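Number 215 in UniProt numbering belongs to position 215 of the sequence shown; there are no gaps in the numbering. Even for Gly, the Cβ is constructed at its ideal location relative to N, Cα and C. Just so you know, these numbers come straight off a predicted model, no measurement behind them. The next block holds one structure in the form of structure tokens; read it before the comments.
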Amino acid sequence: DGYRNTNQVSDDYRYQDGNYDAPNDGYYRGGNEPAQEEDAQSDVTEGHDEDDEVYEGEYQGIPHPDDIKEKQKKRAPAVDDEYRDRADLMAERMEDEEQLAHQYENIIEECGHGRFQWTLFFVLGLALMADGVEVFVVGFVLPSAEKDMCLSSSNKGMLGLIVYLGMMVGAVLLGGLADKLGRKQCLIISLAINAAFAFLSSFVQGYGFFLFCRLISGLGIGGTLPIVFAYFSEFLSREKRGEHLSWLCMFWMIGGIYASAMAWSIIPHYGWGFSMGTKYHFHSWRVFVLVCALPCIASLVALKFMPESPRFLLEIGKHDEAWMILKQVHDTNMRAKGEPERVFTVSYIKTPKQVDEFIEIQSSTGTWYQRWLVRITTTLKQVWDNVLYCLTAQYRMNTLMLAVVWFTMALSYYGLIVWFPDMIRYLQDEAYESRVKIFDEEEVSHFTFNFTLENQIHRNGEYRNDKFIGMKFKEVRFEDSLFEDCYFEDVRSSETFFENCTIISTVFYNTDLYEHKFINCRLINSTFMKEKEGCHIDFEEDNDFLIYLVSFLGSLSVLPGNIISALLMDKIGRIKMIGGSMLISAVCCFFLFFGNSESAMIGWQCLFCGASIAAWNALDVITVELYPTDKRATAFGILNGLCKFGAILGNSIFSSFVGITKVVPILLASSALVGGGLLALRLPETREQVLM
Numbered sequence: 001d002g003y004r005n006t007n008q009v010s011d012d013y014r015y016q017d018g019n020y021d022a023p024n025d026g027y028y029r030g031g032n033e034p035a036q037e038e039d040a041q042s043d044v045t046e047g048h049d050e051d052d053e054v055y056e057g058e059y060q061g062i063p064h065p066d067d068i069k070e071k072q073k074k075r076a077p078a079v080d081d082e083y084r085d086r087a088d089l090m091a092e093r094m095e096d097e098e099q100l101a102h103q104y105e106n107i108i109e110e111c112g113h114g115r116f117q118w119t120l121f122f123v124l125g126l127a128l129m130a131d132g133v134e135v136f137v138v139g140f141v142l143p144s145a146e147k148d149m150c151l152s153s154s155n156k157g158m159l160g161l162i163v164y165l166g167m168m169v170g171a172v173l174l175g176g177l178a179d180k181l182g183r184k185q186c187l188i189i190s191l192a193i194n195a196a197f198a199f200l201s202s203f204v205q206g207y208g209f210f211l212f213c214r215l216i217s218g219l220g221i222g223g224t225l226p227i228v229f230a231y232f233s234e235f236l237s238r239e240k241r242g243e244h245l246s247w248l249c250m251f252w253m254i255g256g257i258y259a260s261a262m263a264w265s266i267i268p269h270y271g272w273g274f275s276m277g278t279k280y281h282f283h284s285w286r287v288f289v290l291v292c293a294l295p296c297i298a299s300l301v302a303l304k305f306m307p308e309s310p311r312f313l314l315e316i317g318k319h320d321e322a323w324m325i326l327k328q329v330h331d332t333n334m335r336a337k338g339e340p341e342r343v344f345t346v347s348y349i350k351t352p353k354q355v356d357e358f359i360e361i362q363s364s365t366g367t368w369y370q371r372w373l374v375r376i377t378t379t380l381k382q383v384w385d386n387v388l389y390c391l392t393a394q395y396r397m398n399t400l401m402l403a404v405v406w407f408t409m410a411l412s413y414y415g416l417i418v419w420f421p422d423m424i425r426y427l428q429d430e431a432y433e434s435r436v437k438i439f440d441e442e443e444v445s446h447f448t449f450n451f452t453l454e455n456q457i458h459r460n461g462e463y464r465n466d467k468f469i470g471m472k473f474k475e476v477r478f479e480d481s482l483f484e485d486c487y488f489e490d491v492r493s494s495e496t497f498f499e500n501c502t503i504i505s506t507v508f509y510n511t512d513l514y515e516h517k518f519i520n521c522r523l524i525n526s527t528f529m530k531e532k533e534g535c536h537i538d539f540e541e542d543n544d545f546l547i548y549l550v551s552f553l554g555s556l557s558v559l560p561g562n563i564i565s566a567l568l569m570d571k572i573g574r575i576k577m578i579g580g581s582m583l584i585s586a587v588c589c590f591f592l593f594f595g596n597s598e599s600a601m602i603g604w605q606c607l608f609c610g611a612s613i614a615a616w617n618a619l620d621v622i623t624v625e626l627y628p629t630d631k632r633a634t635a636f637g638i639l640n641g642l643c644k645f646g647a648i649l650g651n652s653i654f655s656s657f658v659g660i661t662k663v664v665p666i667l668l669a670s671s672a673l674v675g676g677g678l679l680a681l682r683l684p685e686t687r688e689q690v691l692m
């Protein structure tokens with residue numbers, strides 16, 4: 001130990017004025033340990049002022065954790081890890097993680113909260129905004145897409161649910177991978193998948209391919225929620241965590257507002273598109289799908305300039321990389337505060353004992369796909385082990401209680417979010433049907449109809465030598481009527497039927513009065529010539545403006561709840577926030593019994609959304625804080641996947657009762673919220689807890 005290689009830079013010395021001098025600044029030095037290998041050393045960092053003088057107390061290198069371990073080995077020879085019991089290794093790792101948790105909290109406090117966190121806040125906010133947009137896209141494009149793709153009611157229902165199915169799978173899979181491959185890398189993968197398939201879905205023409213693209217797009221965006229919250233929380237100190245994670249939730253609201261505004265301004269302009277021949281059509285709703293991919297693309301580009309989570313790097317033993325990122329955070333914040341001379345005083349950070357066995361395959365071993373197959377199966381096995389770990393005795397009760405709370409919240413929230421527009425549409429239909437005009441035993445001859453007939457019923461009428469040219473039938477029924485020597489040309493129809501009619505010597509030219517619209521009719525010497533091409537399905541005439549307005553107001557109504565939850569999250573705690581918000585939301589559900597008009601339903605929807613958002617925000621925060629770093633994204637992914645499963649059930653159950661009864665949806669939603677809220681009060685409070 002008395003000799004050193006003169007060509008090797010050692011942490012025991014620093015270069016100043018042309019000489020190597022032993023420092024006396026109080027930092028940890030290697031002492032009597034052997035010199036580190038060249039590839040194990042950290043880069044020497046020096047700070048200089050205008051006179052090229054080294055700052056007093058400036059940290060000159062990163063002592064490697066192996067130095068400490070060598071010193072311990074000299075004092076008391078330890079048994080090699082391969083001969084130790086796995087339980088002992090895990091116990092040592094847990095002890096290391098506890099020490100790291102408290103040290104990391106102190107380091108983050110030293111780094112401060114400033115420009116770096118706010119930059120990351122907006123980058124991750126764009127990713128969360130993309131998640132909010134994805135939920136609304138399909139609902140907004142369906143009224144237009146159903147005409148282009150000729151979608152039946154079952155096809156539309158499947159398209160609405162397929163996005164949630166993809167998000168459910170993506171949350172579990174990509175959330176689990178984020179604990180093994182890293183937050184940043186998996187978030188980039190997630191956003192790239194979403195952007196690529198969302199872009200592709202705007203160009204495909206067939207229903208099957210469009211369905212597949214939205215499924216994979218949903219799978220990609222499903223991974224953003226667990227990764228974003230795990231990623232951002234690891235740059236926040238304990239006193240800032242609850243508040244700033246709640247502010248981050250506002251971007252989901254902004255995503256809903258963005259989607260509503262873009263749909264309102266783009267989709268009604270049906271001419272915003274082009275056609276290539278008779279088979280390929282690019283209409284305005286496809287432009288809307290492209291525009292909705294912009295937040296995802298923006299976040300993907302910005303994320304390239306952000307670092308990996310240092311907490312994750314420490315968890316996998318990458319001490320030097322984590323130290324450099326933390327120093328970058330510290331220096332960025334200090335420069336922004338006007339204190340560039342402040343020195344990052346941390347010299348050594350505890351790294352947990354590495355227990356996992358990693359398989360490294362040489363390039364000469366097997367074929368390329370065999371090597372990749374081994375790597376993929378090994379990684380997936382580690383993800384599955386993490387999933388099972390969340391159900392071990394230490395975390396089982398918390399996981400099960402959180403699962404129930406997430407599920408009940410999703411069942412009621414997403415079920416009612418679909419039920420509100422359907423009920424408004426049902427109330428509109430009822431009002432429309434109440435205005436129907438009925439014509440009995442009318443006789444019309446030698447008359448030309450060249451205007452629209454709407455919301456009418458004609459019974460026992462007789463029409464002789466009449467012409468129906470360039471007109472439209474909308475919600476018209478002819479019952480027990482006679483048509484003789486009539487002529488129909490260039491006629492369009494919607495929800496129009498002929499029942500028990502007799503049609504004699506009548507010509508139908510270039511119309512969409514297809515065979516299924518004639519119910520129990522007698523057609524005598526009648527001719528159908530050049531039927532209109534396209535879909536043979538009648539589509540409901542939706543009030544697009546009302547759909548966009550309801551979604552816009554529903555998204556905007558959560559703003560007060562977001563602000564209140566952010567300001568009070570660290571004051572009243574996560575548990576009281578969840579329980580109180582869910583119980584207030586349950587009370588709001590009972591007022592839906594008095595919603596007998598469109599305006600009343602819109603008002604109660606806004607109140608319900610505003611009351612429930614605080615529970616969502618607190619659930620996100622407590623889920624992050626209850627699990628250790630190497631299981632955090634996995635646990636969040638499992639619970640968020642269960643949330644999407646609850647959304648699928650809620651959509652299916654609640655929509656089936658529209659027009660039948662309001663009692664079942666209201667009682668189901670309110671009872672689920674009360675049960676989940678009361679159970680949430682039994683969860684442990686985490687606002688004073690450091691991130692493990």
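State the Cα-Cα distance for the pair residue i and residue j, rounded to the nearest angstrom.
{"i": "M558", "j": "F232", "result": "In the sequence as presented, Met is not what sits at residue 558; that position holds Val. The alpha-carbon atoms of V558 and F232 are separated by roughly 22 Å."}
{"i": "L236", "j": "L245", "result": "9 Å"}
{"i": "M158", "j": "R682", "result": "37 Å"}
{"i": "Q60", "j": "W372", "result": "Reliability fails at Q60, whose pLDDT of 46 lies under 50, so the model's placement of it is uncertain and no value is given."}
{"i": "G470", "j": "T511", "result": "9 Å"}
{"i": "T332", "j": "F116", "result": "6 Å"}
{"i": "D80", "j": "P352", "result": "Note on D80: pLDDT 49, under 50, position unreliable in the model; the coordinate value appears next. Between D80 and P352, the C-alpha separation is close to 16 Å."}
{"i": "F483", "j": "T506", "result": "7 Å"}
{"i": "C150", "j": "L142", "result": "11 Å"}
{"i": "L546", "j": "L126", "result": "27 Å"}
{"i": "residue 730", "j": "N465", "result": "Lying outside 1 to 692, the shown extent of the chain, residue 730 is not represented and no answer is given."}
{"i": "K530", "j": "K517", "result": "17 Å"}
{"i": "D429", "j": "C501", "result": "26 Å"}
Go ahead and pull the three-state DSSP assignment for residue i.
{"i": "V624", "result": "helix"}
{"i": "A672", "result": "helix"}
{"i": "I578", "result": "helix"}
{"i": "Y487", "result": "strand"}
{"i": "L482", "result": "strand"}
{"i": "F654", "result": "helix"}
{"i": "I660", "result": "coil"}
{"i": "Y414", "result": "helix"}
{"i": "K631", "result": "helix"}
{"i": "Y509", "result": "strand"}
{"i": "R682", "result": "coil"}
{"i": "R375", "result": "helix"}
{"i": "R687", "result": "coil"}
{"i": "M529", "result": "strand"}
{"i": "residue 697", "result": "Given a span of 1 to 692 for the chain in the structure shown, any question on residue 697 remains unanswerable."}
{"i": "I349", "result": "coil"}
Give me whichever residues DSSP pairs with residue i in a beta bridge.
{"i": "I524", "result": "I504"}
{"i": "R477", "result": "I457 and F497"}
{"i": "T448", "result": "K467"}
{"i": "E462", "result": "E443 and L482"}
{"i": "K381", "result": "In DSSP, K381 forms no bridge with anything."}
{"i": "I438", "result": "I457"}
{"i": "F518", "result": "F498"}
{"i": "M423", "result": "In the DSSP output, where bridge partners are listed per residue, M423 has none listed."}
{"i": "R492", "result": "K472"}
Should residue i be listed as close to the ligand FMN, given that the test is whether its C-beta is under 8 Å from any heavy atom?
{"i": "L642", "result": "Absence of the ligand FMN is noted for the structure shown, with no ligands found whatsoever."}
Indicate whether at least one CB of chain D lies closer than 9 Å to the CB of residue i.
{"i": "L626", "result": "The structure shown contains no chain D; it holds only a single protein chain."}
Would you mind listing the alpha helix (DSSP H) stretches within the region 112-180 that are 4+ residues and don't spill past its ends, in chain order? As for any alpha helix (DSSP H) of minimum length 4 sitting wholly inside the region 112-180, the runs are 115-149, ordered along the chain.
field: Whole runs of the alpha helix (DSSP H) within the region 262-335, excluding any shorter than 4 residues
entry: Entirely contained in the region 262-335, the alpha helix (DSSP H) runs reaching 4 residues are, in chain order, 284-292, 294-303 and 310-315.
Contact between the region 600-614 and the region 419-429 is defined here as three or more beta-carbon pairs at a separation below 8 Å; is this criterion met?
By the Cβ test, the region 600-614 is in contact with the region 419-429, since at least three Cβ pairs between them sit closer than 8 Å.
Tell me, please, whether the region 655-667 touches the region 376-395 by the rule of three or more beta-carbon pairs shorter than 8 Å.
No, the region 655-667 is not in contact with the region 376-395.
Hey, is the region 132-142 in contact with the region 249-256, meaning 3+ C-beta pairs nearer than 8 Å? By the Cβ test, the region 132-142 is in contact with the region 249-256, since at least three Cβ pairs between them sit closer than 8 Å.
As an exercise, report each continuous alpha helix (DSSP H) stretch of at least 4 residues that is fully enclosed by the region 181-253, in chain order.
Fully enclosed alpha helix (DSSP H) runs of 4 or longer: 183-201, 207-222 and 224-233.
*the region 184-198 / the region 294-304 touching (three or more Cβ pairs under 8 Å)*: As far as the Cβ criterion goes, the region 184-198 touches the region 294-304, which means the pair count is three or higher.
For the pair the region 390-402 and the region 629-641, tell me if three or more CB-CB distances fall below 8 Å.
The region 390-402, when compared against the region 629-641, does touch it at the 8 Å Cβ threshold.
Does the count of Cβ pairs from the region 683-691 and the region 573-584 closer than 8 Å reach three? Three or more Cβ pairs closer than 8 Å define a contact, and the region 683-691 meets that threshold against the region 573-584.
Take every Cβ of the region 219-226, pair it with every Cβ of the region 171-187, and state whether three or more of those distances are shorter than 8 Å. Remark: three or more beta-carbon pairs, one from each stretch, lie closer than 8 Å, so the region 219-226 and the region 171-187 are flagged as touching.
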